[in-house]
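Heads up: the structure comes next, in structure tokens.
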Amino acid sequence: MGMEKPRSAMGQMNFIHLFLAFVLFNPLGVTAYGFRNCIQTMKNPSNFKCMQRFLNNISSIVGDLPNNAEVVNASHNTIKVLPYGSFRHLPQLKVLQLSYNKMEKIKDGAFENLTALKELNLSCNYLTNLSKDLFLGLGNLTLLLLHNNRLSVLHQEAFSPLPSLLDLQLQFNNLNSFDVVIQSVRKLNGLKYLNLCNNNLSFLRPGVGFPPSLYNLKLCNNSLRKMEGPGPRFLGNVTVLDLSYNKFSDAFSFANVSLQRLQRLKLVGNNIDVLQLLDISNLKPRSLDYSGLHLNKVSQLTKVCQRLGKSNRPFSLHLQSNNLRNVSNQTFLACPPIQLLDLSRNRLRSVDCVRQMLNTTAQSHLSKLLVEHNLLKHLRGCFNTAPFKELTVISFRFNRILSISSSAFHYAPNLNTLHLNINSIAFLHAKALKGLKQLRELRLDNNLLTDIYNDSFSDLSNLQTLNLRNNHVSVLFSGTFKSLGNLSTLDLGGNNIHRLANDSFEGLGNLSKLYLDNNNLQYISPSFFHPIERTLQVLDLMGNKIYFISKNQLKQPPFLNLRSVYDLKLQSQRPHGLKVIPSMFLKGLTSLRNLYLSENKILSMAPDVFDDLGQLEYLNLADTSNGMGDFPPGIFKNLKNLTTLDLENAGFRTLTLEVFGNLSSLRYLLLGKNELQTFNSSVAKALPSLNYLDLRKCPLSCTCDNIWFQNWLSNSLVQVVYLYNYSCSSGQQPSYVYSFDTHVCFQDIGLYLFSATFPVLVLSMLLPFLYHRSYWHIKYHIYILRAWVNDYWRRGKDEHYKFDAFVSYNSADESWVLEQLVPSLEKAGAPTFRLCLHHRDFQPGRYVIDNIVDSIQNSRHTICIISRRYLQSEWCSMEIQLASYRLFDELKDVLIPIILEAIPERELSVYHRMRKVMLKKTYIAWSPDPEAQRLFWAKLRTALKASNSEDKEFDQGDTSDTSLLQA
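All letters in the sequence shown, in the order written, are residues -32 to -1, 1 to 935 by mature numbering (1 follows the signal peptide of the UniProt record, and there is no 0).
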């Protein structure tokens, strides 16, 4: 064995080991940092997301954020209280979101030092009141969201510290005093938007008016009955007023209020006479939104049009929710030119080419027609109908349309946008869209279409967006899209397409975005995309049935000529995912920047599958775990421009340099939910551009192999998401990867193990020997020690004994004890003595040895009835030894030996302890002679009556009976 190093040398070696570990494992000095409960947005480093951490302490959420943070989103937590100075360390904060917490109280000064804050979101909490100094310090705040709380009390100076406030949202609270609200906002000279909908406001008492800057005021869903302000101009400069769903029933409620400045007034949900309102108020008829005002008769609409007056200036007419069932061609005849007509949320069953609604000559300026949420079932053909040449937008969404006939939109030849989505259209006539040569956007999604005819889109030469998503189209006939030469976006997702043909996309010479997701395509051929291969940029094949059973199954690359595609989606192939990815599968995609392969249970990938993707920037392989484990070496070797790699739940067990060694541009690496126990140092060295690492829910270990990793997590170049939450099991107490104890890694473990195990080994060898050889000796000393302790606590106290003598005897001599000793000492006359006997006075349930010790200690003397059997008994030997302790160590002569039978000295020699007693003590011998027995009882009584001093004299004087031992 070598010589032991000096302690100082050992300390130096530990330091050297630690230094070398840091240098070797951090050769570039590339280290990491993280935040306990926030994620820094790498595209905007001043933006922090701290949502859904389920924490109730704001300091634990934002306490470790840097002072240059500008945007913090701490919504969806359980914060109840904001203490004073909660964000004092974030002076540059501009946007703060605290919505969806459980906030009940905000202490005054909670937002101190947030002089740069522009937006504050406190919505969806439990706030009940706003105090005077709550918003102190927020001098630059422009947007304050307080909706969906329980506010019932507003201090009149609550908003005074907010001179720059532009938008205040107070909807869905419990405010019931209009005057309190006005008092609290009166000093906000820059306020423009105020939302007080869904409160308990009922009336307005005289007081000051709204700030002159306010122009948009929402008071919907309250209990207002009258508009009684402090004066006719209490609305100030409000131009947009929403009084929907209140309790106005009398038009005279507005008699004393000036409505002249209003540009739009909404009164839907009130029971008010429109014509009377226009008569008694100075409201401009064109400023009123006529939705929901019970104008369900043609005569009423005609009178409204008459009130609108004759003017050549087009206006917007909103007639939603009026329970309209039909209109005639005379309905809007008296109206001035209508530019936008909104008839949504009525009960119209037919628009009949709009002839019944509008006189073509009078309303030729109509440009936008909305008939949504009605009961339309059919759109019939419109022939010989004068056109609305300015009509560019039509929306028939949310109806019950089953079929569309030929030339259904002949009346709108210049239509630009047509929305027919969310109906039940099962039949679209081949000529239904005839004449719509100016159409740019057509939405037919969420219907029941099964067939698209060759001529369905023949006139739509300028169409740019065609949405056929979520229908039942199963076949794309040849030439279906041949006339759509300007189409740029085609959405066929969510249909039932099983196969494509070589001419399926014929004529789509400008198509850039093609969505084929959630169909039933099983294979892809490069010939399918031949008509669009030069222009296609986005291809979505998510949720189809593309699969391969071997790496050599592919005959030709399916995307070979798609050199312009930059976004390809192949995730979630059904039913079990894209299990095998052949070597040439992605060949030809030389411009691809974004590739989505997530949610495919991949079993194997060819090592050269990504070789052609030199321009790739984003690769998503999340949720691909199906037993493949690690990827083939060199699979990413050509991805030198890759910046984001998502490998969450991809089945990784280790990270190797062979797989990740060439990703020199990688910035974002997501590795959550893998089986990784460490992040290899060689991989960290090979990723010089890395600045975002996600290792959440990985079983990271706190072992010596991760020393480098702990050192790596200590600076400010790579953000490790939730760095301080990565725990690992280490004994009974959980440890954390960033702080587990590494001292043991730099110590001589062998020496410590030897020092700990050698004594244990020696003891395990000696204990059986000692137990066998010295059992009673050890046991004796244990109880001697116990007796000494008991006696120590009794010192200094008056001795009071329960018994005069404890009788120690063998069970074979019990008859002599009961027939001779007990009657003679306890019953034969004064003085009598109280004896302690095993069978009579021991406490039941206690250990025998405990009873013996207590009995000896509680007795003034111990009488030992000595016979040959007594000497052979272990219990009797223990009793006499415990009694002799008081004789030898306490100098208390309490032992009275009685010899029942003659015992030669040679038999006593083996009982050396007993022999010492006999040599030091005078003993009393029993004799069968009656005369000798009288002397025996006299001596025994004298010994029991004697005090300690008398005992000493007795010990030194009377030795006459020693001869009996030898008789």
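The beta carbon of each residue, even a glycine, is placed where N, CA and C say it ideally should be.
Buried/exposed call for residue i, threshold 16 Cβ in 10 Å
{"i": "residue 42", "result": "buried"}
{"i": "residue 728", "result": "exposed"}
{"i": "residue 733", "result": "exposed"}
{"i": "residue 76", "result": "exposed"}
{"i": "residue 21", "result": "buried"}
{"i": "residue 636", "result": "buried"}
{"i": "residue 231", "result": "exposed"}
{"i": "residue 288", "result": "buried"}
{"i": "residue 906", "result": "exposed"}
{"i": "residue 897", "result": "exposed"}
{"i": "residue 873", "result": "exposed"}
{"i": "residue 731", "result": "exposed"}
{"i": "residue 796", "result": "exposed"}
{"i": "residue 567", "result": "buried"}
{"i": "residue 937", "result": "With the chain represented from -32 up to 935, any question about residue 937 goes unanswered, as that position is not in the structure."}
{"i": "residue 278", "result": "exposed"}
{"i": "residue 286", "result": "buried"}
{"i": "residue 665", "result": "exposed"}
{"i": "residue 402", "result": "buried"}
{"i": "residue 899", "result": "exposed"}
{"i": "residue 228", "result": "exposed"}
{"i": "residue 818", "result": "exposed"}
{"i": "residue 343", "result": "exposed"}
{"i": "residue -13", "result": "For residue -13, the predicted model reports a pLDDT of 38, less than 50, meaning its position is unreliable; a value from the coordinates is still stated below. Residue -13 is exposed by the Cβ-count criterion."}
Spatially closest choice to residue i from the options, by CA coordinates
{"i": "residue 532", "options": "91, 733 and 479", "result": "479"}
{"i": "residue 909", "options": "608, 792 and 136", "result": "792"}
{"i": "residue 789", "options": "573, 904, 258 and 296", "result": "904"}
{"i": "residue 215", "options": "177, 370, 170 and 229", "result": "170"}
{"i": "residue 16", "options": "24, 2 and 23", "result": "2"}
{"i": "residue 590", "options": "577, 210 and 641", "result": "641"}
{"i": "residue 616", "options": "870, 587, 368 and 610", "result": "587"}
{"i": "residue 769", "options": "862, 433 and 686", "result": "862"}
{"i": "residue 710", "options": "688, 673, 739 and 722", "result": "673"}
{"i": "residue 476", "options": "511, 520 and 431", "result": "431"}
{"i": "residue 352", "options": "449, 180, 380 and 80", "result": "380"}
{"i": "residue 104", "options": "56, 354, 91 and 96", "result": "56"}
{"i": "residue 364", "options": "318, 152 and 427", "result": "318"}
Endpoints, the alpha helix (DSSP H) within which residue i is located
{"i": "residue 625", "result": "625 to 628"}
{"i": "residue 899", "result": "898 to 913"}
{"i": "residue 562", "result": "Unbroken run through residue 562 is the beta strand (DSSP E), 562 to 564; no alpha helix (DSSP H)."}
{"i": "residue 240", "result": "It is not in any alpha helix (DSSP H) - residue 240 carries neither H nor E in the DSSP assignment."}
{"i": "residue 652", "result": "649 to 653"}
{"i": "residue 970", "result": "As displayed, the chain neither begins before -32 nor continues past 935, which places residue 970 out of reach and without an answer."}
{"i": "residue 820", "result": "816 to 825"}
{"i": "residue 146", "result": "146 to 153"}
{"i": "residue 808", "result": "806 to 809"}
{"i": "residue 270", "result": "266 to 276"}
N- and C-terminal bounds of the beta strand (DSSP E) containing residue i
{"i": "residue 687", "result": "686 to 688"}
{"i": "residue 794", "result": "Note, residue 794: premise wrong, no beta strand (DSSP E); alpha helix (DSSP H) at 790 to 794."}
{"i": "residue 20", "result": "Careful: residue 20 lies outside any beta strand (DSSP E) and carries neither H nor E."}
{"i": "residue 208", "result": "208 to 210"}
{"i": "residue 234", "result": "232 to 234"}
{"i": "residue 457", "result": "457 to 459"}
Proximity test, Cβ basis, 9 Å: residue i and chain C
{"i": "residue 663", "result": "Among the chains of the structure shown, chain C does not appear; only one protein chain is present."}
Expected contact under 8 Å - CB spacing of residue i and residue j to nearest Å
{"i": "residue 119", "j": "residue 143", "result": "6 Å"}
{"i": "residue 392", "j": "residue 416", "result": "6 Å"}
{"i": "residue 696", "j": "residue 707", "result": "About 11 Å; that fails the 8 Å criterion."}
{"i": "residue 561", "j": "residue 541", "result": "Their Cβ separation, rounded to whole angstroms, is 21 Å, which puts residue 561 and residue 541 out of contact at 8 Å."}
{"i": "residue 82", "j": "residue 117", "result": "Contact doesn't hold; Cβ gap of about 20 Å is too wide."}
{"i": "residue 975", "j": "residue 307", "result": "What is shown of the chain runs -32 to 935, which leaves residue 975 out entirely."}
Legend entry - Three-pair Cβ contact test at 8 Å for the region 133 to 141 versus the region 110 to 120: Taking 8 Å as the limit for Cβ pairs, the verdict is that the region 110 to 120 does touch the region 133 to 141.
Inset, instruction - Would you be able to state if there are at least three C-beta pairs under 8 Å between the region 268 to 276 and the region 314 to 326? - result: Too few Cβ pairs lie closer than 8 Å, so no.
Inset, instruction - For the region 536 to 554 and the region 493 to 504, state whether three or more C-beta atom pairs, one from each stretch, are separated by less than 8 Å. - result: They do not touch, by the three-pair rule.
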